[in-house]
């Protein structure tokens, strides 16, 4: 059974603010991901220029690279969670229309 509200209460405005914040976070996240993709392309071009130095650097930075990949996994998980939250918040706000 769907509840329909006839007036907008505090819950509406708090939910609306949370939705706006989540949408801004996703927009910022996607922009940062574009910048990271550009940085990765530059790294790959360095691989073509000097493969031996690139491999030595990769070997020395292996722990950092592993942690970076782990961080990427958790950030993408947060991104998916935020997208799901936006869908649920929009569904919640539809009750006020």
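Numbering (the numbering used here), first residue to last: 1 to 97.
Note that CB positions come from ideal geometry on N, CA and C, so glycine has one too.
### Three-state secondary structure assigned by DSSP to residue 35
Start at 1 with the first residue of the chain shown, and residue 35 comes out as number 35. Residue state, collapsed to three classes: helix.
### Message
Restricting to Cα atoms, I'd like to know which of 86, 51 and 72 is closest to residue 27.
### Response
Walking along the chain shown from the start, residue 27 turns up at place 27. Residue 27 has its Cα closest to that of 86, out of 86, 51 and 72.
### Query
Does DSSP put residue 8 in a helix, a strand or coil?
Translated into positions along the chain shown, residue 8 becomes position 8. DSSP places residue 8 in coil when its eight states are reduced to three.
### Message
One question on the structure: do residue 22 and residue 88 come within less than 8 Å of each other, judged by their Cβ atoms?
### Response
Here residue 22 is taken as the residue at index 22 of the chain shown, counted from 1. Here residue 88 is taken as the residue at index 88 of the chain shown, counted from 1. Taking 8 Å as the Cβ cut-off, residue 22 and residue 88 do not qualify as a contacting pair.
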